[in-house]
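Enquirer:
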Amino acid sequence: MAALTSSCSSEFAASRVFPAAPASPAPASVRWGSISLTLKPYPLSSTAISAHRVSMDASVAEKPKAGSKELAKDTLLTPRFYTTDFDEMERMFNKEINNHLKQEEFDALLQEFKTDYNQTHFVRNPEFRKAAEQIQGPMRQIFVEFLERSCTAEFSGFLLYKELGRRLKKTVVAEIFTLMSRDEARHAGFLNKGLSDFNLALDLGFLTKARTYTFFKPQFIFYATYLSEKIGYWRYITIYRHLKENPEYQLYPIFKYFENWCQDENRHGDFFSALLKAQPQFLNDWQAKLWSRFFCLSVYVTMYLNDCQRTTFYEGIGLDTKEFDMHVIIETNRITARNFPAVLDVENPEFKAKLDRMVEYNEKLMAIGKSDAPDFMKNLQRLPAIAGLAGEIIAAYFMSPVDSGSVDLAEFEPQLVY
Numbered sequence: 341m342a343a344l345t346s347s348c349s350s351e352f353a354a355s356r357v358f359p360a361a362p363a364s365p366a367p368a369s370v371r372w373g374s375i376s377l378t379l380k381p382y383p384l385s386s387t388a389i390s391a392h393r394v395s396m397d398a399s400v401a402e403k404p405k406a407g408s409k410e411l412a413k414d415t416l417l418t419p420r421f422y423t424t425d426f427d428e429m430e431r432m433f434n435k436e437i438n439n440h441l442k443q444e445e446f447d448a449l450l451q452e453f454k455t456d457y458n459q460t461h462f463v464r465n466p467e468f469r470k471a472a473e474q475i476q477g478p479m480r481q482i483f484v485e486f487l488e489r490s491c492t493a494e495f496s497g498f499l500l501y502k503e504l505g506r507r508l509k510k511t512v513v514a515e516i517f518t519l520m521s522r523d524e525a526r527h528a529g530f531l532n533k534g535l536s537d538f539n540l541a542l543d544l545g546f547l548t549k550a551r552t553y554t555f556f557k558p559q560f561i562f563y564a565t566y567l568s569e570k571i572g573y574w575r576y577i578t579i580y581r582h583l584k585e586n587p588e589y590q591l592y593p594i595f596k597y598f599e600n601w602c603q604d605e606n607r608h609g610d611f612f613s614a615l616l617k618a619q620p621q622f623l624n625d626w627q628a629k630l631w632s633r634f635f636c637l638s639v640y641v642t643m644y645l646n647d648c649q650r651t652t653f654y655e656g657i658g659l660d661t662k663e664f665d666m667h668v669i670i671e672t673n674r675i676t677a678r679n680f681p682a683v684l685d686v687e688n689p690e691f692k693a694k695l696d697r698m699v700e701y702n703e704k705l706m707a708i709g710k711s712d713a714p715d716f717m718k719n720l721q722r723l724p725a726i727a728g729l730a731g732e733i734i735a736a737y738f739m740s741p742v743d744s745g746s747v748d749l750a751e752f753e754p755q756l757v758y
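As structure tokens, this is what we get:
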């Protein structure tokens, strides 16, 4: 998410460009009910910084000391922030131009979001701090990274949805985006509060301005965000169910909130499903099939490679990383087949075999990056692994797909229905 753009204290100079930060920005606060995010910007350095952690110790209240936390590096696998063409998005929801809009469906979705089922769900208790104190050694570092990456992903969703709600003029769609930004802000705030249990916090204001914003056309935003929300649902609910059955692995109480939390992700995905159905050109031609497969592959591969770098975390909560990921991929793919005109054949054993070979190539690339060899030598050493990784990704893309499609648009019953 899901799994994106904008700023609470800065405006977009144009629909495709995120503006430079003002010379002396003031702190901004965003509040949804009891949830408050204070965005305190810091002056930008000349170096692009992907994440910014601040020690919560009193001695470093204003800025982090050198040893407080190494800044995360921005790679292809880190959570990203996105922007889009807001003018094109606005035209898509103009009734005079688009006669595929189903007002009653969007009205029903709006009422669902207004109900705000999780308004009082994200309430902490003393169990959080006590549990954090018990997590030590390598697992503590991995757990902090999990909270940080999750917070960054949720916050990126908040930024995109907030700006879409502000920029769009179609009342119902704009209001739904605003309400979804409420959910994402709540999630990000809850995760960031969790980091405070480990004496850390993400400076979200700095993060907003320091990150690079990637432009995606609205069509691609729909594909990618739908998948992000649905895969987020399956990740959360799978972890929740596993820990409910195996409470001895319940290391930290945040997992107890995942059952209700994942319903926010599911509702967000349903909204993007409605957006896609309102744009049948994104679902009913050969190009749509190619793009659908591309985004499925991108999301699945990114998750698999990311998680296989962090097996310590999943083993720490009693999960087999690859089995967990394949379960999530298969379930996400099945539900996605209700909407996308084509999906990947992820239940073919060869698909997992390709993913595992991608992991091997990715591990080689990581090992080369950590070596002491000169940069020019590292670049030469990377070439075979890059070629192998690219070859596996391309081969996975061209595996025979599963034709599916929207229940509303297809003349046939989808082959995969959850």
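Residue numbers for the sequence shown, in our numbering: 341 to 758. In this text, a Cβ means the ideal position worked out from N, Cα and C, and glycines have one as well.
Could you have a look at V683 and say whether DSSP puts it in helix, strand or coil?
Expert: strand
Enquirer: Check each candidate in F495, T511 and I475 and name the one with the smallest Cα separation from F546.
Expert: Among F495, T511 and I475, the Cα nearest to that of F546 belongs to F495.
Enquirer: Compute the distance between the beta-carbons of F622 and T424, then report whether it is under 8 Å.
Expert: no
Enquirer: Alpha carbon to alpha carbon, how far is L684 from S740? Give it in angstroms, no decimals.
Expert: 8 Å
Enquirer: What does DSSP give as the partner residues of T554 in its beta bridges?
Expert: Y422
Enquirer: State the start and end residues of the unbroken alpha helix (DSSP H) segment that holds L519.
Expert: T511 to S536
Enquirer: By the DSSP assignment, the beta strand (DSSP E) with A725 in it spans what residues?
Expert: Counting along the chain, A725 falls outside any beta strand (DSSP E), though it belongs to the alpha helix (DSSP H) covering D715 to Y737.
Enquirer: Start and end of the beta strand (DSSP E) containing A618?
Expert: Unbroken run through A618: none, as it is neither H nor E.
Enquirer: Let me know the alpha helix (DSSP H) ranges lying completely inside the region 473 to 500, each 4 residues or longer, listed in chain order.
Expert: Listed in chain order, nothing qualifies, since the region 473 to 500 has no complete alpha helix (DSSP H) run of 4 or more residues.
Enquirer: Given Y597, which residues of its chain have a CB within under 7 Å of its CB, disregarding the five upstream and five downstream residues?
Expert: H461 and F462
Enquirer: Should E588 go down as buried or exposed, given a rule of 16 or more other Cβ atoms within 10 Å for buried?
Expert: exposed
Enquirer: Under 7 Å Cβ to Cβ from T676, same chain only, skipping five residues before and after it: list those, please.
Expert: L567, K570, C636 and V683
Enquirer: Out of curiosity, what's the CA-to-CA distance linking F664 and R581?
Expert: 12 Å
Enquirer: Under the rule that 16 or more other beta-carbon atoms within 10 Å means buried, what is G534, buried or exposed?
Expert: buried
Enquirer: From this set, A564, M520, R431 and H440, which residue's C-alpha is nearest R420's C-alpha?
Expert: A564
Enquirer: Put D660 into one of helix, strand or coil per three-state DSSP.
Expert: coil
Enquirer: With a threshold of 8 Å, are at least 3 pairs of Cβ atoms found where one atom belongs to the region 499 to 516 and the other to the region 430 to 445?
Expert: With contact defined as three or more Cβ pairs closer than 8 Å, the region 499 to 516 and the region 430 to 445 are in contact.
Enquirer: Give me, in chain order, the residues of the same chain whose beta-carbon lies closer than 8 Å to that of L508; leave out the 5 immediate sequence neighbours on both sides.
Expert: F426, M429, E430, F433, A514 and F517, listed in sequence order.
Enquirer: Excluding the 5 residues preceding and the 5 following T672 in the sequence, name in chain order all residues of the same chain whose CB lies nearer than 6 Å to its CB.
Expert: K570, I571 and W574
Enquirer: Among W631, S632, T661 and T652, which has the Cα closest to the Cα of M643?
Expert: T661
Enquirer: Would you mind stating whether C775 and V699 have Cβ atoms separated by less than 8 Å?
Expert: Absent from the model: residue 775. The displayed extent of the chain is 341 to 758, so no value can be given.
Enquirer: Taking just the CA atoms, how far does I437 sit from L695?
Expert: Distance between the alpha carbons of L695 and I437 is about 42 Å.
Enquirer: Going straight from the alpha carbon of F738 to that of F611, what length do you get?
Expert: 30 Å
Enquirer: Could you tell me if M520 is buried or exposed, where buried requires 16 or more neighbouring beta carbons within 10 angstroms of its beta carbon?
Expert: buried
Enquirer: Using the DSSP secondary-structure output, state which residues sit across from D743 in a beta bridge.
Expert: A682
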